[in-house]
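Have a look at the structure below, then the notes.
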Amino acid sequence: MPLEYKGINLDCGYRTDIVVEGRVLVEVKAIESVAAVHEAQLLTYLRLTGCRVGLILNFFVPIMKQGIIRRVL
112 MPLEYKGINL
122 DCGYRTDIVV
132 EGRVLVEVKA
142 IESVAAVHEA
152 QLLTYLRLTG
162 CRVGLILNFF
172 VPIMKQGIIR
182 RVL
């Protein structure tokens, strides 16, 4: 994802995992527990892309239902 600040394109772009039809942003993780920094990362990506809904999918859980976190701007 390119990053533009005050009309200047910056080389330090961000990498989103999955963007679904420009509406839903999905971050894929495989970590023991989702920390606040991961949720902050998702919210930053949501603001930059203009998407309203974001999901963190953590595959390091016994039941996938426990590894889904949904955030809305």
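As numbered in this note's numbering, residues 112 to 184 make up the sequence shown, in order. Backbone N, C-alpha and C fix where the C-beta goes; we use that ideal spot for every residue, glycine too.
Alpha helix (DSSP H) containing L154: first to last residue?
147-160
Which value, in whole angstroms, describes the spacing of the CA atoms of Y125 and E138?
Looking at the two C-alpha atoms, the distance is approximately 12 Å.
Rounded to a whole number of angstroms, what is the C-alpha to C-alpha distance between M175 and N169?
Pairing M175 with N169, the inter-Cα distance amounts to about 8 Å.
Please classify G133: does DSSP put it in a helix, a strand, or coil?
coil
Cα separation between I129 and R163?
Rounded to whole angstroms, the separation of the alpha carbons of R163 and I129 is 14 Å.
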